[in-house]
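Its first residue numbered 1, the sequence shown is counted upward by one per residue in the UniProt record's numbering.
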Amino acid sequence: MIVEIDVIEKLSKEIDVLYAELSEDHQKYQVETSTLKTKILNLLENHIALLRTRKQCILQKIMDIQAETQRYIGLMGGEDDEENKRDEIFLELRQIQYSLTSSDNIGLIPKLERLKTINEYVLKKHQLRVNTIKDMYEKIDECKKHLGSELINIEPFNENGEEIISTKRIQNLALYVKKFIEIKESRLVIACELRNTILNLWDELGVEPQDQFDKLIENFNRNKFLVTTENMKTLQFKCEKLEEEKSNRKLKVELLLKMINVLWDKMQISSEERKEIENLSGYHIDTLRKYENELIRLNKMKKKYMKSFISKCKTELESYWKKLYFSKEQQQQFYNKYNFIDFDESNVNSMESEGESNLNEENSRDNDNKIDKIISTMEINKNSCMNSINNNQSIHDDQQHENTQGKIEVKKKSSAKSKKYSDEEILAAYEKEIIKMEKLYDEAKDVLELVGKHIRLVEEVKNFEISCADQNRLFQKGKRDPGRLLREEKFRKRITRERPKLERELIKILSDWEIQNNKPFTIYGKRYLDSIKTLDDEVTKLVMNEKEKHKTVCIYINHKQRIILLKKFHLWRKRYQKHQNIIFILR
């Protein structure tokens, strides 16, 4: 209390004493004392009202500060925020809020002052988070500028808005910033590598910058170059195009070099002349032009030696035919396909000589047939004259047929030669066929080597069986060969050991080849698997024929037939030369 009670009582008694001494009217006394009491009460009530007003004002300020503080705390993630939970100031704030509703000895004014301090702390902490968020968004905007809006799709920060700046959001933004910076740095590394590759390829291929982006690559600045998705794709595309161009030029150079080397070898160009081209390296446009110019020069030279090239190509093609064991019919398919290819004179002459020899053989065969008939008539001794006339007539008919066939072939040749073709077309046809044969040979090289080994073994067997078919080989006149039987026995053992093993291996590899290529493997036009199976029959037949040669033939003739035989002796000798022992018995 402002005025103590005993003082008031003392003063009140003193007033009563003074009124008693004055002997005032009792009524007047009551009025004056009542008025005095009223004034005192009014004064106290007014002061109380003033104090209550001050209290309400302080309470309102406390509530406002608390509301503002709670709002900023809510913007920072509220009481559940990880950082807010660990902050002692936030714990004290919760205690102050509790004490406002409880009776304690702490006054409102100290609480108000403490709340102001806490509010300032919360505002500073919120502003610190705002500044942190703003820094992160500035970094994100910088990354967005470099990486493009396609990769970064984050809503901008509104500083004036009621955005929540929780610890979790700051952590997520920090992770985003770290991720975007890593992407930016990794893209910059890739961009630098691509840029260096492009510059090297430009220098290697002799390419100049074409557009604005190429100039940007040339004047590359790590801090200014934007590594957006579009720019990275453009860099990658340009690098791939240059790599593709390099690959194309590499293939072109390899092809040009291959063609140049072929022409060098064909025209026997010296190593000194080749040196300039052989020393070239890289795929620069100038280097490519030098290769092309060399090929043009060689092609001009090639035209001068075209006939020689054609002859070499033909020899090479025939060599492949021999390696591939092509039959005459298979070889003829090439000439049927390219019927404009003319045989040179040597070929024609050789063909004519072959034709003449074939004709002589046919005539000799006819004469031999005639002698056969004469000999058969000697045994029958009838109708000899009639048979000779018929044979002469058949020979005449055969000769007429051969002449007509020859005329038809000449007409075909003349019609084929009527149309002129350039030497380049003929050479191209040969070279194309050589490439085809070379591919066939490479595909079947292992099989052909095994087949060649088997063919050589078969020839050995045939020659051996032919030599063994002569039963008189051990009793011939002249120098004896005592070790022959031993050699023959060793040969039989070797063949018995090697041939089955070789044929099993050959059958397996031929079967696999036919399955893989879906066609039969042929030697001289015949399926070789079938030839292997019929090999024993062929050898047996060969032995029988050889034994037939060594049989003794007895022919009975009369005197007239002996005269005819002597006249045709040269024909008889050719016809019956397979018989070593022929006895003519004159009746």
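Beta carbons: idealized from backbone N, C-alpha and C, even for Gly.
According to the neighbour-count rule (16 or more other Cβ atoms, all chains shown, within 10 Å of its Cβ), is residue i buried or exposed?
| i | result |
| --- | --- |
| valine 458 | buried |
| histidine 26 | exposed |
| cysteine 57 | exposed |
| isoleucine 515 | exposed |
| threonine 117 | exposed |
| asparagine 231 | buried |
| phenylalanine 237 | exposed |
| serine 353 | Here serine 353 scores only 36 on pLDDT, less than 50, and its place in the model should not be relied on; the value that follows carries that caveat. Label assigned to serine 353: exposed. |
| methionine 63 | exposed |
| histidine 47 | exposed |
| lysine 125 | buried |
| glutamate 489 | exposed |
| arginine 71 | exposed |
| glutamate 294 | buried |
| valine 7 | exposed |
| glutamate 276 | exposed |
| lysine 314 | buried |
| arginine 249 | buried |
| serine 186 | exposed |
| alanine 20 | exposed |
| alanine 429 | buried |
| lysine 302 | buried |
| valine 122 | buried |
| isoleucine 5 | exposed |
| arginine 195 | buried |
| isoleucine 296 | exposed |
Taking residue i as the reference, which of the options has the closest Cα?
| i | options | result |
| --- | --- | --- |
| methionine 259 | Glu431, Asp135, Arg456 and Asn172 | Glu431 |
| serine 311 | Glu272, Met267 and Asn293 | Met267 |
| leucine 173 | Pro520, Lys134 and Asn196 | Lys134 |
| leucine 448 | Ile507, Phe491 and Arg494 | Ile507 |
| lysine 112 | Ser308, Lys61 and Arg249 | In the sequence on display, residue 112 carries leucine and not lysine. The option with the nearest alpha carbon to leucine 112 is Lys61. |
| glutamate 120 | Ile217, Ile466, Lys13 and Thr69 | Thr69 |
| lysine 533 | Pro500, Thr38, Trp513 and Gly282 | Pro500 |
| asparagine 517 | Ala444, Met301, Glu538 and Thr33 | Ala444 |
| histidine 454 | Ile466, Ser281 and Tyr528 | Tyr528 |
| lysine 145 | Phe521, Asn131 and Leu226 | Leu226 |
| aspartate 530 | Thr540, Met544, Leu510 and Lys541 | Leu510 |
| leucine 450 | Lys290, Leu298, Arg289 and Phe521 | Phe521 |
| leucine 298 | Asp286, Lys337 and Leu256 | Leu256 |
| arginine 492 | Cys468, Thr287, Ser319 and Glu273 | Cys468 |
| leucine 235 | Lys290, Met136 and Thr197 | Thr197 |
| glutamate 163 | Val262, Asp423 and Gly74 | Gly74 |
| proline 110 | Asn279, Val31 and Lys55 | Lys55 |
| aspartate 286 | Glu273, Ser270, Arg274 and Val253 | Val253 |
Using DSSP bridges, identify the partner residues of residue i.
| i | result |
| --- | --- |
| isoleucine 341 | Isoleucine 341 is not bridged to any residue. |
| arginine 527 | Thr522 |
Within a Cβ cutoff of 8 Å, which residues of the same chain sit near residue i, ignoring the five residues on either side of it in sequence?
| i | result |
| --- | --- |
| arginine 222 | Leu188 and Cys192 |
| leucine 50 | none |
| isoleucine 181 | Lys139 and Cys143 |
| tryptophan 321 | Gln330, Gln331 and Met437 |
| lysine 323 | Tyr441 and Leu448 |
| isoleucine 495 | Leu457, Glu460, Val461 and Phe464 |
| serine 346 | Confidence in serine 346 is poor, its pLDDT being 34 and thus under 50, which makes the residue's placement unreliable; the coordinate value appears in the next sentence. Excluding sequence neighbours, serine 346 sits near nothing in its chain. |
| leucine 317 | Phe334, Tyr430, Glu433, Ile434 and Met437 |
| lysine 246 | Leu201, Glu204, Leu205 and Tyr283 |
| tyrosine 29 | Tyr19 |
| glutamate 513 | Residue identity differs from the one stated: residue 513 is tryptophan in this sequence, not glutamate. Same-chain partners within the cutoff: Ala444, Val447 and Phe521. |
Return the chain-ordered list of same chain residues with a C-beta closer than 7 Å to the C-beta of residue i, the five sequence neighbours on each side being excluded.
| i | result |
| --- | --- |
| tyrosine 335 | Ile341 |
| proline 209 | Lys215 and Glu218 |
| arginine 129 | Met76, Ile165 and Ile170 |
| tyrosine 305 | Met267 |
Residues in its own chain within less than 6 Å of residue i by CB, not counting five upstream and five downstream?
| i | result |
| --- | --- |
| arginine 325 | Here the sequence assigns tyrosine to residue 325, which means arginine is not the residue at that position. Cβ within range, chain order: Ile523 and Tyr524. |
| lysine 10 | none |
| glycine 148 | Thr228 and Thr229 |
| phenylalanine 309 | Lys266 and Leu427 |
| isoleucine 15 | none |
| leucine 108 | Ile58 |
What are the start and end residues of each continuous beta strand (DSSP E) run of 3 or more residues lying completely inside the stretch 134 to 217, in chain order? none
Going along the chain, which unbroken runs of the alpha helix (DSSP H) with 4 or more residues stay wholly within the stretch 235 to 322? 271 to 278 and 285 to 304
To test your reading of the DSSP string, which unbroken alpha helix (DSSP H) runs of 4 or more residues are found completely within the stretch 24 to 85? 26 to 75
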